[in-house]
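Here the structure is laid out as structure tokens; the discussion comes afterwards.
Residue numbers (the working numbering): 3 to 139.
Written out as structure tokens, the structure is:
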């Protein structure tokens, strides 16, 4: 009834994994967005923004001028706090977009760079000399 098995069956193709991007994608560990590492990075960004908030208020109390936003915004403490909190929120949102697109290194680096820049700005604010008004002779 049936002929020899070697004549009627076709050999199955051998699947050989390609080298390059496919293998590196397999090596990338998929992680949840709210994992421990991101928790610490986002907390760091929030702390750096709070540090920047207080250093900028200190700068204004000493008579210096803010260069990135208007002095009226900084002098309105509630509005300035909202701006600083919004900056943290935008940073987390950008990290989430990178996470959803699979750019996990960019997801982490967004927070790392934001933390570094905000901290550097705050330290700079504290390092500036106090602006003394010129006294009349």
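Glycine is no exception: its CB is placed at the ideal position from the N, C-alpha and C atoms. This one's a predicted model, so the numbers in the text were calculated from it and none came from an experiment.
CA-to-CA distance, residue j to residue i, given in whole angstroms
i: residue 95; j: residue 41; result: 13 Å
i: residue 135; j: residue 64; result: 10 Å
i: residue 219; j: residue 123; result: Outside the displayed span of the chain (3 to 139) sits residue 219, for which this structure offers no information.
i: residue 49; j: residue 137; result: 38 Å
i: residue 92; j: residue 47; result: 11 Å
i: residue 102; j: residue 133; result: 47 Å
i: residue 28; j: residue 106; result: With a pLDDT of 49 at residue 28, under the threshold of 50, the modelled position of that residue is not reliable, and no figure is offered here.
i: residue 90; j: residue 131; result: 28 Å
i: residue 53; j: residue 37; result: 24 Å
i: residue 39; j: residue 33; result: 10 Å
i: residue 110; j: residue 55; result: 23 Å
Where the alpha helix (DSSP H) through residue i begins and ends
i: residue 79; result: 79-102
i: residue 118; result: 106-129
i: residue 42; result: 38-63
6 Å CB neighbourhood of residue i in its chain, flanking five on each side removed
i: residue 61; result: 127
i: residue 104; result: none
i: residue 43; result: 113
Neighbourhood of residue i by C-beta, 7 Å cutoff - its chain only, sequence neighbours within 5 removed
i: residue 35; result: 98 and 101
i: residue 129; result: none
Residues near residue i in its chain [Cβ-Cβ closer than 8 Å; skip 5 each side]
i: residue 51; result: 86, 87, 89, 90 and 120
Exercise. Are at least three pairs of beta-carbons, each pair with one atom in the stretch 64-77 and one in the stretch 111-122, less than 8 Å apart?
Worked result: They do not touch, by the three-pair rule.
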